[in-house]
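Below is one structure, written out as structure tokens; the observations come after it.
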Amino acid sequence: MNGGFLIAKCDVIDVSKLYGSGVAEVRALDAVSLEIDTGEFTVISGPSGSGKTTLLNLIGCLDTPTAGTILLEDTDISSLGERALARVRARRIGFVFQSFNLIPVLSALENVETALHLAHTEGNRREKAAEMLEAVGLKDQMKRRPTQMSGGQQQRIAVARALVKNPALVIADEPTANLDTATGAQVLDVMRTMNQKRGVTFLFSTHDPRVMERASRIVSLRDGRVEDDRKVEKPVGAANSGPSSQE
Amino acid sequence: MMFFLKLSLLNLLRRYGRTTLSMVSVIVGVLVIILGRGTIDGLRESIIRGQIDAMTGHVTALPADYPTAGLSHPLENLLTLDDATTEWLNTNTVGWTQRLLFAPRVVSGMDAVRVRAIGYCPETDTRVFPRGDWNVQGTIPETDSDGILLTRGIARTLSLNKGDSVIVETRTHAGALNALQVPVAGTVSTGNPAIDGLVVFVPMPLAESLVRPNGQFSHLSLLLNRRADADNAAAQLQSLLGNTARTTTWEIEAAPGLEAQDIRQTFLDIIAMALLIMAAAGIANTVLMAAYERIREIGTLRALGLTRRGVMGLFVTEGFVMGLIGSIIGAAAGAWMTWKYSIQGIDMTSFVEQVGASDMMQDLPFSTMLYMNFSVSIIVIAIIVGVTVATVSSFYPAMVASSRNPADATRG
Numbered sequence: 001m002n003g004g005f006l007i008a009k010c011d012v013i014d015v016s017k018l019y020g021s022g023v024a025e026v027r028a029l030d031a032v033s034l035e036i037d038t039g040e041f042t043v044i045s046g047p048s049g050s051g052k053t054t055l056l057n058l059i060g061c062l063d064t065p066t067a068g069t070i071l072l073e074d075t076d077i078s079s080l081g082e083r084a085l086a087r088v089r090a091r092r093i094g095f096v097f098q099s100f101n102l103i104p105v106l107s108a109l110e111n112v113e114t115a116l117h118l119a120h121t122e123g124n125r126r127e128k129a130a131e132m133l134e135a136v137g138l139k140d141q142m143k144r145r146p147t148q149m150s151g152g153q154q155q156r157i158a159v160a161r162a163l164v165k166n167p168a169l170v171i172a173d174e175p176t177a178n179l180d181t182a183t184g185a186q187v188l189d190v191m192r193t194m195n196q197k198r199g200v201t202f203l204f205s206t207h208d209p210r211v212m213e214r215a216s217r218i219v220s221l222r223d224g225r226v227e228d229d230r231k232v233e234k235p236v237g238a239a240n241s242g243p244s245s246q247e
Numbered sequence: 248m249m250f251f252l253k254l255s256l257l258n259l260l261r262r263y264g265r266t267t268l269s270m271v272s273v274i275v276g277v278l279v280i281i282l283g284r285g286t287i288d289g290l291r292e293s294i295i296r297g298q299i300d301a302m303t304g305h306v307t308a309l310p311a312d313y314p315t316a317g318l319s320h321p322l323e324n325l326l327t328l329d330d331a332t333t334e335w336l337n338t339n340t341v342g343w344t345q346r347l348l349f350a351p352r353v354v355s356g357m358d359a360v361r362v363r364a365i366g367y368c369p370e371t372d373t374r375v376f377p378r379g380d381w382n383v384q385g386t387i388p389e390t391d392s393d394g395i396l397l398t399r400g401i402a403r404t405l406s407l408n409k410g411d412s413v414i415v416e417t418r419t420h421a422g423a424l425n426a427l428q429v430p431v432a433g434t435v436s437t438g439n440p441a442i443d444g445l446v447v448f449v450p451m452p453l454a455e456s457l458v459r460p461n462g463q464f465s466h467l468s469l470l471l472n473r474r475a476d477a478d479n480a481a482a483q484l485q486s487l488l489g490n491t492a493r494t495t496t497w498e499i500e501a502a503p504g505l506e507a508q509d510i511r512q513t514f515l516d517i518i519a520m521a522l523l524i525m526a527a528a529g530i531a532n533t534v535l536m537a538a539y540e541r542i543r544e545i546g547t548l549r550a551l552g553l554t555r556r557g558v559m560g561l562f563v564t565e566g567f568v569m570g571l572i573g574s575i576i577g578a579a580a581g582a583w584m585t586w587k588y589s590i591q592g593i594d595m596t597s598f599v600e601q602v603g604a605s606d607m608m609q610d611l612p613f614s615t616m617l618y619m620n621f622s623v624s625i626i627v628i629a630i631i632v633g634v635t636v637a638t639v640s641s642f643y644p645a646m647v648a649s650s651r652n653p654a655d656a657t658r659g
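Chains as they are written, first to last, in the working numbering: chain A, 1 to 247; chain B, 248 to 659.
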């Protein structure tokens, strides 16, 4: 069961990313290859400057690689133009940011609805947004603005916003970095539950051991290269060894 | 679309103080356009009205060699009416009248002043020259024994009031000197500086006693159904009167005054333009600051799938909304004021007297009662200009906002 969600399979093939030129040139990623399977709860780890965020930005269509190919559900997103990338982001990728990145003038419900507007989703957007907020445990907080809510609640809105449009892939960049231990664990549990119940593929960048212990796979980067790539047999919080879609 | 409009409004309300200040500049710019245009167009109409109602009617015929300006009113070659012209006048005009202009000296004791005397036909003069704005102390004379009506400026110069008597000295049509002692029937303020400073009104019977024109006259003025027909009527009248006369229209005579209005109009347009440039700078600054403050939000919206054009649209919408609200407020205030003063009018008599403008305006006929021009088209144009300026000025900041790389922008 996958709840009608799209299922991602993302192939990163020999991807490099350079910034600057000449003596100021920085090689953020150096011929990285990676295959992310359907329903994975994958963590990209590594020290600062290892290329985690760059890799997530490229997979998330926020940036384009200098060399190499990225296939998302067999679409070569590395060769798409600005508008086509925006369309992929709108419909197939959800984002969860370290600083929540909610629109402060909008209510929780409107923030989630924004994702549906931009994805040009058909049907009753408000209803879908409300259902998703209920799913992340914010049924009674829908009308409140982000500034009136705790960090954990804000990050749950962000998770709801990422998931409401049935994305192929959710990219979460240090999602627990601004949360205390208990709240971070709660948010991770929400994401793990969504991963397991709905089979949504999650891709994290983090140093946070709480995230890593819940991951089904950990990819370590160092100096723009893949240093280690391992599956986790029994992740914390996992009801089963894999997502429910594979049950 | 409604979603983004709502988002723009909410973003503007987020910094309502700054937004309000930016909108004030739009409000002022739009208000200046409407009030300035209303005033200038009102003044323009006032000049035209002053020319038609007090000087020429729609068309005036006068002797061919008559001087175009000044206090020289030659009496040698005067006009007469034949039957054909009279019939044409009766058929083709709303009203017509004859006047005899001459330049007597009015003497009171040891004081004397040269004036322009307008000899008028009591029965027909008001058919062409209405007296609605006249403020008369005393009576308007109709017979030679009634005396003369002094305009307020001359009455003040010679310290005369109704009931006093003066000596009027003039040359006759034949060139002889003539003088009569006549009573002052009253004093009048016509509301037209070109009249009030140097004219005395003399009923035609008394004018004939003074000038002896043998039934001839110096000016024939007529009123038409539409002032736009003046050129055509002047041409027809010219052909009837022949070479001994020349015809002129209100438009020709008012042209110098209207040209001055055009200069004022240009000056006002420049002021309005300067204000709108300031408004544009204010709005551009507001939107630019918003763009810098909201970099992370822009990045988030880009990450959610908003295109560069979408980001531009969001910020341009904010400029548009500011322009629209500011323009509507400015237009509402301007419309109310121009509507009010188009009906009520602004009495500029004391202002004109205080600044001594009546001397400067002796050759510029206009009514000192200024009625502003209420024009829906000017209001619509002002709103369009205000909205366009605000929208266009937000393009640059919108471009700045949309040019940010989404990956960088999400981190702020």
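Where is the CB? At the ideal position from N, CA and C, for every residue including glycine.
Item to check | Straight-line Cα distance separating A:T147 from B:R555 | outcome: Cα-Cα distance, rounded: 27 Å.
Checklist entry - Taking the runs of the alpha helix (DSSP H) that are 4 residues or longer, which of them lie wholly in the stretch 446-508 of chain B? => result Listed in chain order, the complete alpha helix (DSSP H) runs (minimum 4 residues) inside the stretch 446-508 of chain B are 451-458, 477-488.
Checklist entry - How many Å lie between B:V362 and B:I510 at the Cα? => result Here the C-alpha atom of B:V362 lies approximately 31 Å from the C-alpha atom of B:I510.
Checklist entry - Is it buried or exposed for B:V623, if we count other Cβ within 10 angstroms and need 16 for buried? => result Classification of B:V623: exposed, given that the 10 Å Cβ count is below 16.
Checklist entry - Of the choices B:V534, B:D476, B:L551, B:P450, whose alpha-carbon is the least far from that of A:N111? => result Out of B:V534, B:D476, B:L551, B:P450, the CA that lies nearest to the CA of A:N111 is found in B:L551.
Item to check | N- and C-terminal bounds of the alpha helix (DSSP H) containing B:N382 | outcome: In the DSSP assignment, B:N382 falls outside any alpha helix (DSSP H) and within the unbroken beta strand (DSSP E) covering 382-385.
Item to check | chain A contact residues for B:P653, given Cβ-Cβ distances below 7 Å | outcome: Simply L62.
Item to check | Contacting positions in the stretch 256-271 of chain B - beta carbon closer than 8 Å to chain A | outcome: For the stretch 256-271 of chain B, which is checked against every Cβ of chain A, the residues closer than 8 Å are L257, N258, L260, R261.
Checklist entry - What is the residue span of the beta strand (DSSP E) that B:S640 lies within? => result From DSSP, B:S640 is part of no beta strand (DSSP E) but of the alpha helix (DSSP H) over 623-640.
Item to check | A:V26 beta carbon less than 8 Å from that of A:V12 | outcome: In terms of Cβ geometry, A:V12 and A:V26 do not form a close pair [threshold 8 Å].
Next on the checklist: Let me make sure I understand the geometry here. Which of B:F621, B:G577, B:A582 has the alpha-carbon closest to that of B:I274?
Outcome noted: Taking only the C-alpha atoms, the option nearest B:I274 is B:G577.
Checklist entry - Where are the beta strand (DSSP E) runs, 3 residues long or more, that stay fully inside the stretch 350-390 of chain B, in chain order? => result Along the length of the stretch 350-390 of chain B, whole beta strand (DSSP E) runs at least 3 residues long occupy 352-355, 358-361, 363-367, 382-385, reported in chain order.
Item to check | Beta-bridge pairing of A:K17 - partner residues as DSSP gives them | outcome: Answer is A:L29.
Checklist entry - Closer than 8 Å, CB to CB, is A:H117 near chain B or not? => result So yes, A:H117 belongs to the interface.
Item to check | Element boundaries [alpha helix (DSSP H), containing A:A135] | outcome: From DSSP, the alpha helix (DSSP H) with A:A135 extends over 125-135.
Next on the checklist: Here's a check: name, in chain order, each residue in its chain whose Cβ is nearer than 7 Å to the Cβ of B:T390, leaving out the five neighbours to either side.
Outcome noted: Within its own chain, the residues whose Cβ lies closer than 7 Å to the Cβ of B:T390, once the five positions on either side in sequence are excluded, are P450, P452, listed in chain order.
Item to check | Reference B:F562; option with closest CA among B:A477, B:D380, B:A538, B:L548 | outcome: Comparing alpha-carbon positions, the option among B:A477, B:D380, B:A538, B:L548 lying closest to B:F562 turns out to be B:A538.
Checklist entry - Distance, Cα to Cα, B:R549 vs B:L290? => result Rounded to whole angstroms, B:R549 and B:L290 show a C-alpha spacing of 55 Å.
Checklist entry - Is it a yes or a no for the stretch 200-212 of chain A touching the stretch 39-52 of chain A, going by three-plus beta-carbon pairs under 8 Å? => result The stretch 200-212 of chain A, when compared against the stretch 39-52 of chain A, does touch it at the 8 Å Cβ threshold.
Next on the checklist: By DSSP's criteria, A:D76 is part of a beta bridge. Which residues make up the other side?
Outcome noted: Answer is A:L71.
Checklist entry - Are A:K165 and A:G94 touching if we call contact CB-CB under 8 Å? => result In this structure, A:K165 sits near A:G94, with a CB-CB distance shorter than 8 Å.
Checklist entry - Out of curiosity, what's the CA-to-CA distance linking B:A308 and B:T373? => result Distance between the alpha carbons of B:A308 and B:T373 is about 17 Å.
Item to check | Neighbouring residues, chain A, relative to B:F250 (Cβ below 7 Å) | outcome: Chain-ordered, the chain A residues with CB closer than 7 Å to the CB of B:F250 read H117.
Next on the checklist: List, in chain order, every chain B residue whose beta-carbon is nearer than 7 Å to that of A:T114.
Outcome noted: Result: L551.
Checklist entry - Of the residues B:A528, B:I630, B:S468, which one's Cα is nearest the Cα of B:V341? => result Taking only the C-alpha atoms, the option nearest B:V341 is B:S468.
Checklist entry - Between B:S465 and B:L347, is the Cβ-Cβ spacing less than 8 Å? => result It is a contact, given that the beta carbons lie within the stated cut-off.
Checklist entry - Is it a yes or a no for the stretch 97-106 of chain A touching the stretch 49-66 of chain A, going by three-plus beta-carbon pairs under 8 Å? => result Taking 8 Å as the limit for Cβ pairs, the verdict is that the stretch 49-66 of chain A does not touch the stretch 97-106 of chain A.
Checklist entry - Between the stretch 545-579 of chain B and chain A, which residues of the former have a C-beta closer than 9 Å to a C-beta of the latter? => result Within the stretch 545-579 of chain B, the residues whose Cβ lies closer than 9 Å to some Cβ of chain A are G546, T547, L548, R549, A550, L551, G552, L553, T554, R555, R556, G557, listed in chain order.
Item to check | Segment contact flag, the stretch 291-307 of chain B with the stretch 381-398 of chain B, C-beta cutoff 8 Å, min 3 pairs | outcome: Taking a contact to require three or more Cβ pairs closer than 8 Å, the stretch 291-307 of chain B and the stretch 381-398 of chain B do not qualify as touching.
Item to check | Same chain only: Cβ atoms within 8 Å of B:L256, ignoring 5 sequence neighbours per side | outcome: Here the set comprises V568.
Checklist entry - According to the neighbour-count rule (16 or more other Cβ atoms, all chains shown, within 10 Å of its Cβ), is A:D208 buried or exposed? => result Buried, since its Cβ has 16 or more Cβ neighbours within 10 Å.
Checklist entry - Does the distance from the C-beta atom of B:S486 to that of B:L405 stay below 8 Å? => result Cβ distance not < 8 Å, so B:S486 and B:L405 don't count as in contact.
Item to check | Run of the alpha helix (DSSP H) containing B:L254, from where it starts to where it stops | outcome: That run of the alpha helix (DSSP H) goes 249-261.
Item to check | Inter-residue Cα distance where the pair is B:I246 and B:V627 | outcome: Limits of chain B in this structure are 248 at one end and 659 at the other, which puts residue 246 of chain B out of reach.
Item to check | Completely contained beta strand (DSSP E) runs for the stretch 268-324 of chain B, where each covers 3 or more residues | outcome: For the stretch 268-324 of chain B, whole beta strand (DSSP E) runs of length 3 or above, ordered along the chain, are 306-310.
Checklist entry - Quick one: is A:E174 near chain B, going by C-beta distance under 8 Å? => result By this cut-off, A:E174 is not an interface position.
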